Amino acid sequence: MNRLFLALKVHLDNYEIIKSNFSNILRGKWTPEENLHITICYFGDKFSLDELLSKLPLLVENIPPLTLESLDVFTHNKILYAKTTSKELERIHLNICKSLKLKQTKLFIPHVTLMRVKKINDTKKFQHVMLTYREKYLGSVDTSFQLMQSHLHPDGAKYECISKIEEAHK
0 MNRLFLALKV HLDNYEIIKS NFSNILRGKW TPEENLHITI CYFGDKFSLD ELLSKLPLLV
60 ENIPPLTLES LDVFTHNKIL YAKTTSKELE RIHLNICKSL KLKQTKLFIP HVTLMRVKKI
120 NDTKKFQHVM LTYREKYLGS VDTSFQLMQS HLHPDGAKYE CISKIEEAHK
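First residue of the sequence shown? That's 0 in numbering that gives the first Met the number 0, and the numbers climb one at a time after it.
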């Protein structure tokens, strides 16, 4: 089964420090640094590789440099994430979903999953550390879109870049 998705790779300046700051507060699985990315659209196996390679260049557009600006948590599934604010990414996501008739099940929030939280050991300390990351520069977002494939392994997912997707001259 193909597990294809469109993503932007990211670079956190101090990922080890972030992990260290939460080490006694949170229990869970950290995303390996080489897997850090923002998923723009998940395709799964709905489209062939050739279909996506022909259609995506017509649907993506160049984006300005973006930064990761703070940490937050999705409380419904206990995900600690770094976020960016980008109307361009929202527009590209919506355009791809509409053009490829992808069903949207939730609001698109450009984010980088850092940890799947199993337990918060100390809620007060957690809230305090989270405040220190509010509106704080954390890193940068690549501006090159990548069609990626996820491979499941017993020790976690491994991501492979299938192709860089460049904007077609429209």
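Backbone N, C-alpha and C fix where the C-beta goes; we use that ideal spot for every residue, glycine too. Predicted model only: the values in this text are computed from it and were never measured.
Check, Outcome
"Should T74 go down as buried or exposed, given a rule of 16 or more other Cβ atoms within 10 Å for buried?", "exposed"
"Who are the near neighbours of M129 in its chain, counting only those whose CB is closer than 7 angstroms to its CB and skipping five residues on each side?", "L70"
"For I161, which of helix, strand or coil comes out of DSSP?", "strand"
"When DSSP builds the beta bridges, which residues end up paired with C40?", "L5"
"Starting from Y14, follow the alpha helix (DSSP H) in both directions and report where the run begins and ends.", "14 to 21"
"Could you name each continuous beta strand (DSSP E) segment of 3 residues or more that falls completely within the region 98 to 137, going from the start of the chain to the end?", "110 to 119"
"S53 by DSSP, collapsed to three states: which one?", "helix"
"Among residues of its own chain, excluding the 5 on either side of L67, which ones have a beta-carbon nearer than 8 angstroms to its beta-carbon?", "V9, L11, A81, K82, T83, V111, Y136, L137, G138, S139, V140"
"How is the beta strand (DSSP E) around I78 delimited, first residue to last?", "78 to 82"
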